[in-house]
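**Student:**
Residue numbers (our numbering): 2 to 149.
1) Does DSSP put residue 149 in a helix, in a strand, or in coil?
2) Taking residue 93 as the reference, which of 53, 140, 76 and 125 has the closest Cα?
3) Below 7 angstroms CB to CB, which residues in the same chain sit around residue 74 once its five sequence neighbours on both sides are set aside?
4) Which whole-angstrom value is the C-beta distance of residue 57 and residue 50, which I expect to be below 8 angstroms?
5) So residue 96 and residue 105 are supposed to be a Cβ contact under 8 angstroms. How far apart are they, rounded?
6) Is residue 108 helix, strand or coil by DSSP?
7) Which of helix, strand or coil does DSSP assign to residue 91?
8) Would you please state the rounded distance, in angstroms, between the beta carbons of residue 100 and residue 86? I believe it to be under 8 angstroms.
9) On the three-state DSSP scale, how would you describe residue 48?
10) By a C-beta neighbour count over all protein chains shown, 10 Å radius and 16 as the cutoff for buried, is residue 89 buried or exposed?
11) Locate the alpha helix (DSSP H) running through residue 62, then write down its first and last residues.
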């Protein structure tokens, strides 16, 4: 297993902070950890944009910037200034801290939230059926005990 670290400076030249984006290479394929702190600023912007269901052009329009600028941010070729970063976080419904360093609550897509609700409904239905079967079994045992 080889670790490759890339440098990223989300605060810009004045207050440069380097974040490590860990890429794990094994058997010739690269995978990225699910931990948000392992992603670059651009990758977190892209992830939050995807979760919000916006295209790059739509998000750029909402921020009042060019699509090319948004693409540069997402590809880590450039970084937003602090005022745009705060605006970006607000539009994407994430904290500026999450965008900068990956700490905090990551964005949840509407599809994932809906899938979570569906899986909870299925689990609740299954548990209710089990509870009813258990109640029926308890009732049958009580009748047998009372009958003797």
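No residue lacks a Cβ here, since even glycine has one placed at the ideal position from N, Cα and C.
**Tutor:** Working from what's here:
1) coil
2) 53 is the residue among 53, 140, 76 and 125 whose C-alpha sits nearest the C-alpha of residue 93.
3) 43, 46, 80 and 81
4) 7 angstroms
5) 5 angstroms
6) coil
7) Under the three-state reduction of DSSP output, residue 91 falls in the helix class.
8) Contact between residue 100 and residue 86 holds: CB atoms are separated by about 6 angstroms, below the 8 angstroms threshold.
9) helix
10) It counts as buried.
11) 57-64
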